[in-house]
């Protein structure tokens, strides 16, 4: 589809929200994620206090 083509050819993608992080992580794209750590799983994953704001790049952070 046209949307998938745009995503695959983008230099940078900005993704907002934990749901998008869960869906897109590991896609191998240059994605910057913005979200708030609201659940224990994410707080543990990123070693961050609850309700911390996160801004991270998939290529620079291990997001497995």
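Numbering (this note's numbering), first residue to last: 1387 to 1450.
By construction, the Cβ of each residue, glycine as well, lies at the ideal position given by its N, Cα and C atoms.
Local conformation of residue i per DSSP, three classes
{"i": "residue 1402", "result": "strand"}
{"i": "residue 1448", "result": "coil"}
{"i": "residue 1442", "result": "strand"}
{"i": "residue 1387", "result": "coil"}
{"i": "residue 1411", "result": "coil"}
Min CB distance residue i to chain B below 8 Å
{"i": "residue 1420", "result": "Judged by its chain identifiers, the structure shown contains no chain B, having just a single protein chain."}
Exposure of residue i, with buried meaning 16 or more beta-carbon neighbours within 10 Å
{"i": "residue 1425", "result": "exposed"}
{"i": "residue 1388", "result": "exposed"}
Sheet register partners of residue i (DSSP bridge)
{"i": "residue 1393", "result": "Paired residue(s): none; residue 1393 is not in a bridge."}
{"i": "residue 1419", "result": "1401, 1442"}
Any contact between the stretch 1414 to 1433 and the stretch 1399 to 1406? By contact I mean 3 or more CB pairs, one from each, below 8 Å. By the C-beta criterion, the stretch 1414 to 1433 is judged to be in contact with the stretch 1399 to 1406, since at least 3 inter-stretch pairs fall below 8 Å.
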